[in-house]
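Peer 1: Starting off with a structure, shown below.
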Amino acid sequence: PSAVPAALRDLGFARIGDLAAQPRAPLTRRFGPELCRRLDQALARAPEPIEPLRPPEMVEARRSFAEPIAAAETIARHITLLVQSLCATLGERGLGARRLDLLCHRIDNRILCTRVGLARPLRDPARLARLLCDRIETIDPGLGIETMALAATLAEPLAPQQAASDLAGVPEPDLSGLIDTLANRVGAGAIYRLAPVASDVPERSVRRIPALAADTGAGWPDHWPRPARLLPRPEPIETMALLPDHPPRWISWRGVRHSVRRADGPERVFGEWWKRDAELAAVRDYFRIEDESGARFWIFRAGDGEDAATGSHRWFMHGVFG
Numbered sequence: 001p002s003a004v005p006a007a008l009r010d011l012g013f014a015r016i017g018d019l020a021a022q023p024r025a026p027l028t029r030r031f032g033p034e035l036c037r038r039l040d041q042a043l044a045r046a047p048e049p050i051e052p053l054r055p056p057e058m059v060e061a062r063r064s065f066a067e068p069i070a071a072a073e074t075i076a077r078h079i080t081l082l083v084q085s086l087c088a089t090l091g092e093r094g095l096g097a098r099r100l101d102l103l104c105h106r107i108d109n110r111i112l113c114t115r116v117g118l119a120r121p122l123r124d125p126a127r128l129a130r131l132l133c134d135r136i137e138t139i140d141p142g143l144g145i146e147t148m149a150l151a152a153t154l155a156e157p158l159a160p161q162q163a164a165s166d167l168a169g170v171p172e173p174d175l176s177g178l179i180d181t182l183a184n185r186v187g188a189g190a191i192y193r194l195a196p197v198a199s200d201v202p203e204r205s206v207r208r209i210p211a212l213a214a215d216t217g218a219g220w221p222d223h224w225p226r227p228a229r230l231l232p233r234p235e236p237i238e239t240m241a242l243l244p245d246h247p248p249r250w251i252s253w254r255g256v257r258h259s260v261r262r263a264d265g266p267e268r269v270f271g272e273w274w275k276r277d278a279e280l281a282a283v284r285d286y287f288r289i290e291d292e293s294g295a296r297f298w299i300f301r302a303g304d305g306e307d308a309a310t311g312s313h314r315w316f317m318h319g320v321f322g
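Residue numbers 1 to 322, in UniProt numbering, belong to the letters of the sequence shown in order.
Written out as structure tokens, the structure reads:
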């Protein structure tokens, strides 16, 4: 029990050697037989059977050919047969594939590997075959392929799902197929969605999460509008403005001058002093501005416009609306 180490320390036992030198009978009466048994196992005086964690056997399917194959249509046909065999085995084990590796053994002893990832466990032969066949153009058969193997290198439990009834209303669309297709074309890292983070500092108030990840539970701020496009880093701008609370009359950003026709603000954001000492007195005053062409920007002044300890009083572009 977790209380035993604390009780031993209270009795003055600081090392294992101190405990091993004591008579066993008083220790057993005080703490039970488990303490002495574990002590004997630690000192190799008693057996301690260990059941190793055995990784599950990998699910795979293989096809060898009497004659090497090279045509894309032939490769696609055998991919479909491999997927059907693999999905049958996955179904017997109650698993769904999260990652598939297609290995093509060429007659020149080269092995080509084509990998497909999935957002959720899946054993639908049609969808898996379509994802793999979309990658056929990346397979160079050379003088021919003599063996093809398909392995589910990452599999997870997949229980049968009951079909939704029409009486339950309109079901939520399943986006996993679209996400899998896009991810295997442009890379899984390029498919994501944004989730809110509990932070007042704009660049820390959002993070990327997988496209099908569960909601984090945090809510988006609703007291001030936020721009659709937030710059990776605030960019310095040239301005003319009256301190401390007035918006700029004009700004110059990336070499282009914009006359300010409308402005709203300031929205004051304080630094997170509990994360960084340098933000103890830091202040930002944000403004939403609109130029003569109707373009809307999100800018801020570092500092409150009066106290130099709150910031440099320089202006920055941080986002674009629309």
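Built from N, CA and C at the ideal position, the CB exists for glycine as well.
1) What is the DSSP secondary structure of Ser-85, reduced to helix, strand or coil?
2) Quick check on the burial criterion: 16 or more other C-beta atoms within 10 angstroms. Buried or exposed for Arg-276?
3) So within the region 170 to 223, which uninterrupted alpha helix (DSSP H) runs reach at least 4 residues, ignoring any that extend past its ends?
4) Roughly how many angstroms lie between the CA atoms of Phe-297 and Ser-199, to the nearest whole one?
5) Kindly indicate which three-state DSSP category Gly-322 falls into: helix, strand or coil?
6) Is the separation between the beta-carbon of Ala-61 and that of Ala-97 shorter than 8 Å?
7) Glu-34 lies in the alpha helix (DSSP H); which residues open and close that run?
8) Taking the runs of the alpha helix (DSSP H) that are 4 residues or longer, which of them lie wholly in the UniProt domain "DNA polymerase Y-family little finger" (61 to 149)?
9) How many whole angstroms separate the CB atoms of Leu-143 and Ile-111, which I take to be in contact at a CB cut-off of 8 Å?
10) With distances taken from CA atoms, which of Glu-73, Ala-159, His-313, Thr-114 is nearest Leu-242?
11) So what does DSSP say about Gly-265, is it helix, strand or coil?
12) Output the boundary residues of the beta strand (DSSP E) element that contains Pro-227.
13) Excluding five sequence neighbours on each side, which residues of the same chain lie with their C-beta closer than 8 Å to the C-beta of Ala-159?
14) Are Leu-131 and Ser-176 closer than 8 Å when you measure CB to CB?
15) Our contact map puts Asp-101 next to Arg-115 with C-beta atoms below 8 Å; I'd like the distance itself, whole angstroms only.
16) For a test of the three-state rule: what should DSSP assign to Ile-16, helix, strand or coil?
17) Kindly identify the DSSP beta-bridge partner or partners of Ser-293.
18) Please classify Gly-311: is it buried, with 16 or more other beta-carbons within 10 angstroms of its beta-carbon, or exposed?
19) Check the DSSP bridge columns for Val-260 and list the partner residues they point to.
20) When DSSP builds the beta bridges, which residues end up paired with Arg-301?
21) Using a 10 Å radius around the Cβ and a threshold of 16 neighbouring Cβ atoms, would you call Arg-288 buried or exposed?
22) Taking C-beta to C-beta, are Cys-133 and Ala-76 nearer than 8 Å?
23) Return the first residue and the last residue of the beta strand (DSSP E) that Arg-249 is part of.
24) In terms of alpha-carbon separation, which member of Leu-35, Arg-284, Ser-293, Glu-48 lies closest to Asp-307?
25) Short of 6 Å in beta carbon distance, which residues of its chain neighbour Ser-64, apart from the five on each side in sequence? Order them along the chain.
26) Please report how far the alpha carbon of Ala-3 lies from the alpha carbon of Arg-233, in whole angstroms.
27) Counting beta carbon pairs with one atom in the region 199 to 208 and one in the region 259 to 273, are three or more of them shorter than 8 Å?
28) Can you look up Pro-52 in the DSSP assignment and give me helix, strand or coil?
29) Give me the Cα-Cα distance between Leu-178 and Asn-184, rounded to the nearest whole angstrom.
30) Under 7 Å Cβ to Cβ from Phe-316, same chain only, skipping five residues before and after it: list those, please.
31) Got a sec? Which residues, its chain only, sit under 7 Å from Asp-291 by beta carbon, not counting five neighbours each side?
32) Alpha carbon to alpha carbon, what distance is there between Pro-47 and Cys-36?
33) Can you name, in chain order, every residue of its own chain whose Cβ lies under 7 Å from the Cβ of Leu-150, other than the five neighbours on each side?
34) If you drop the 5 nearest sequence neighbours on each side, which residues of the same chain put their C-beta closer than 7 Å to that of Glu-279?
Peer 2: A quick look at the data gives this:
1) helix
2) exposed
3) 176 to 186
4) 21 Å
5) coil
6) no
7) 33 to 42
8) 72 to 93, 125 to 133
9) Not really, about 14 Å apart at Cβ, beyond 8 Å.
10) His-313
11) strand
12) Element bounds for Pro-227: n/a, residue is neither H nor E.
13) Gly-94
14) no
15) 5 Å
16) helix
17) Per DSSP, none; premise fails for Ser-293.
18) buried
19) Asp-291
20) Asp-285, Trp-315
21) buried
22) yes
23) 248 to 253
24) Arg-284
25) Thr-147
26) 51 Å
27) yes
28) coil
29) 10 Å
30) Pro-234, Glu-235, Pro-236, Ile-237, Ile-299, Phe-300, Ala-302
31) His-258, Ser-259, Val-260, Arg-261
32) 13 Å
33) Glu-60, Ala-61, Leu-82, Val-83, Leu-86, Leu-100, Leu-102
34) Gly-271, Glu-272, Trp-273
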